[in-house]
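The structure appears right after this line, and notes come after that.
What follows is the structure in structure tokens.
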């Protein structure tokens, strides 16, 4: 079964709006990562947050982590059409075993 | 800088035929290597990972196998493909974050 589950499965917003995606996981982790995948392509790393961190920023991205609830959120502010992609959270069951969630498909309408 | 190459990019194979997908990494040594599979519109399923030459961990029992004959080479194989093997296969390497190849799209007919 999946370690991580993203919510919502699909999200459609207007350009300029903020997009929030959530990820829940089942077991203890060392860190949690978010990746983006443009249609039919490889994935690109966005941001990593360690288990002892609660919030992290990178440009228009803001990630939070709540280890007590085993959940994380990814916020994209001031969205652009180019942000249209699938977004995945990745958790580490061990130092080597990296498990993907089911993903959120984001559509940003111009 | 590090780069990862994966090939072939696309292939169409008949049921029962063999498979070989290859992945090589440049610019780093002793990387952790991964094979993932992605069904259409779905998340990524971890198939195999390797932390060193000859060391392969299998996550999903199936008719696929992986080998790591050299430090920066990772091969995904099958002796006889099934229809259910169709999908998008992604190779990746990591230290902490994953770096992906561009993927191989396999269609089994």
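Protein chains in written order, with this note's numbering: chain P, 979 to 1088; chain Z, 124 to 232. We put the CB at the ideal spot given by N, CA and C, even for glycine.
About 12 Å separates the CB atoms of residue 1080 of chain P and residue 1000 of chain P; that is not less than 8 Å, and the two are not in contact.
Pairwise C-beta distances place the segment 129-145 of chain Z out of contact with the segment 1040-1059 of chain P, as fewer than three of them are shorter than 8 Å. In this structure, residue 1025 of chain P sits near residue 1036 of chain P, with a CB-CB distance shorter than 8 Å. DSSP places residue 206 of chain Z in the helix class (H, G or I) of the three-state scheme. For residue 1080 of chain P, the chain Z residues whose Cβ falls inside 8 Å of its Cβ are 165, 166, in order along the chain. Cβ proximity to chain P below 7 Å picks out 172, 174 from the segment 170-202 of chain Z. With respect to chain P, the C-beta atom of residue 219 of chain Z has a partner C-beta closer than 8 Å. Runs of the beta strand (DSSP E) lying entirely within the segment 992-1055 of chain P and spanning at least 3 residues, in chain order: 997-1003, 1009-1015, 1021-1028, 1033-1036, 1039-1044, 1049-1054. Using a CB distance below 7 Å, no part of the segment 133-148 of chain Z faces chain P. Contact between the segment 1053-1069 of chain P and the segment 998-1014 of chain P is established, with three or more Cβ pairs separated by less than 8 Å. Secondary structure of residue 162 of chain Z (DSSP, three-state): coil. The alpha-carbon separation between residue 1005 of chain P and residue 155 of chain Z amounts to approximately 22 Å. Using beta-carbon distances, residue 155 of chain Z counts as an interface residue toward chain P, with a partner under 8 Å.
Within the segment 1004-1036 of chain P, 1009, 1011, 1013, 1018, 1019, 1020, 1021, 1022, 1023, 1026 place their CB atoms closer than 8 Å to a CB of chain Z, listed in sequence order. Counting only residues of its own chain and dropping the five nearest sequence neighbours on each side, residue 1028 of chain P has a CB closer than 6 Å to the CB of 1009. Counting only Cβ-Cβ distances below 8 Å, residue 1065 of chain P has no contacts in chain Z at all, with the closest Cβ about 11 Å away. When DSSP states are grouped into helix, strand and coil, residue 988 of chain P belongs to the strand group. Proximity of residue 1075 of chain P to chain Z, defined by a Cβ-Cβ separation below 8 Å, is satisfied. In terms of CA proximity to residue 194 of chain Z, Z/151 leads the group Z/214, Z/129, Z/151, Z/128.
In chain order, 1057, 1058, 1059, 1086, 1087, 1088 place their CB closer than 8 Å to the CB of residue 993 of chain P, counting only its own chain and leaving out the 5 sequence neighbours on each side.
If you ignore the 5 residues before and after residue 991 of chain P, its C-beta comes within less than 8 Å of the C-beta of 997, 1057, 1084, 1085, 1086, 1087, all in its own chain and listed in chain order.
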